[in-house]
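Encoded as structure tokens, the structure appears first; notes follow it.
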Amino acid sequence: MPPKTLGLIHTSATLVPVFQQLCSEYLPGVQTFNIVDDSLIKNVIKCGELTPDGARRVVNYVGSAEAAGADMILVTCSSIGVAVEASAALTKVPVLRVDQPMADKAVQTGKRIGVIATLPTTLGPTSDLVRRRAAVAVKEIELTSVLCEGAFDALMSGDAAKHDEMVASALKELSTKVDVILLAQASMARVVDTLDAADKKVPILASPPIAIQYLAEQLT
Numbered sequence: 026m027p028p029k030t031l032g033l034i035h036t037s038a039t040l041v042p043v044f045q046q047l048c049s050e051y052l053p054g055v056q057t058f059n060i061v062d063d064s065l066i067k068n069v070i071k072c073g074e075l076t077p078d079g080a081r082r083v084v085n086y087v088g089s090a091e092a093a094g095a096d097m098i099l100v101t102c103s104s105i106g107v108a109v110e111a112s113a114a115l116t117k118v119p120v121l122r123v124d125q126p127m128a129d130k131a132v133q134t135g136k137r138i139g140v141i142a143t144l145p146t147t148l149g150p151t152s153d154l155v156r157r158r159a160a161v162a163v164k165e166i167e168l169t170s171v172l173c174e175g176a177f178d179a180l181m182s183g184d185a186a187k188h189d190e191m192v193a194s195a196l197k198e199l200s201t202k203v204d205v206i207l208l209a210q211a212s213m214a215r216v217v218d219t220l221d222a223a224d225k226k227v228p229i230l231a232s233p234p235i236a237i238q239y240l241a242e243q244l245t
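In my numbering, each number is its position in the sequence shown, counted from 1, plus 25.
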């Protein structure tokens, strides 16, 4: 049987090596290819939401990945998740938004769920996804959404230390109020590694490893 192929669609080139490493670890026999367009996320941030034009472009990229031979498609940006779900209905192969397995895991883990983001355009879609996945699982949850205002701007202006400090502070505070925390952006995952064990009072979930582990189960 020929090897399976996973097509990855990114809105930031920085995520390519992150997912490449995870794929080599969890999907050693699976071939991968990447489609990257960072103008998608720039437009979402500029407009404050995913526009119909942006959604159409996401659907086109998913179609391109299918045409390129993908047996499964993973879209690694949470801000465009609604368009990813729409594209799944138009595609003959499975299409996954990166944060769905993470949302499912959070719903299974506890009732009080915290979502943290540095962009409002990511916080909204991820919070909405958690609510919908809880409804699918027929589970009551209490959702707390936290926006680290200014952290994304700090990161974009080259002050990664300030970004990490703000996210770490918000994580410590949120962990005293919830049973589990979801990171709405993959870029925040590195901050978790800098926290002391005492500050990690509850599980802190990042979407990339959970999504790839989920795909590994699906593809075997």
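C-beta atoms are modelled at their ideal positions from N, C-alpha and C, and glycine is treated no differently. These numbers come from a predicted model, not from an experiment.
- Taking 8 Å as the cut-off, the beta carbon of residue 105 is found no closer than this to the beta carbon of residue 138.
- For residue 210, no beta strand (DSSP E) run applies, since DSSP gives it neither H nor E.
- With respect to the C-alpha of residue 162, the residue from 181, 179, 140, 134 having the closest C-alpha is 134.
- Secondary structure note for residue 191: its alpha helix (DSSP H) is the uninterrupted segment 185 to 199.
- If you check the CB distance, residue 90 and residue 143 do not come in under 8 Å.
- The Cβ atoms of residue 230 and residue 52 do not sit closer than 8 Å to each other.
- Beta-bridge analysis with DSSP links residue 32 to 58, 98.
- Counting only runs of 4 or more residues that sit fully inside the region 211 to 237, the alpha helix (DSSP H) segments are 214 to 217, in chain order.
- Of the candidates 123, 46, 109, 37, the residue whose Cα lies closest to the Cα of residue 77 is 109.
- Residue 131 and residue 215 have their alpha carbons spaced roughly 19 Å apart.
- Beta-bridge partners assigned by DSSP to residue 169: 139.
- For the pair residue 141 and residue 196, the CB atoms are nearer than the 8 Å cut-off.
- It is roughly 14 Å from the alpha-carbon of residue 180 to the alpha-carbon of residue 37.
- Cβ contact annotation for residue 147 (same chain, cutoff 7 Å, sequence separation greater than five): 103, 104, 209, 210, in chain order.
- The C-beta of residue 101 has 16 or more other C-beta atoms within 10 Å across all chains shown, which makes the residue buried.
- Secondary structure at residue 240: helix, using DSSP grouped into helix, strand and coil.
- In this structure residue 127 is buried. Its beta-carbon is surrounded by 16 or more other beta-carbon atoms within 10 angstroms.
- Rounded to the nearest whole angstrom, the C-alpha separation of residue 57 and residue 228 is 30 Å.
- Only residues of its own chain outside the window of five on either side were considered, and among them 120 have a CB closer than 7 Å to the CB of residue 113, listed in chain order.
- Between the alpha carbons of residue 42 and residue 223 lies a distance of about 30 Å.
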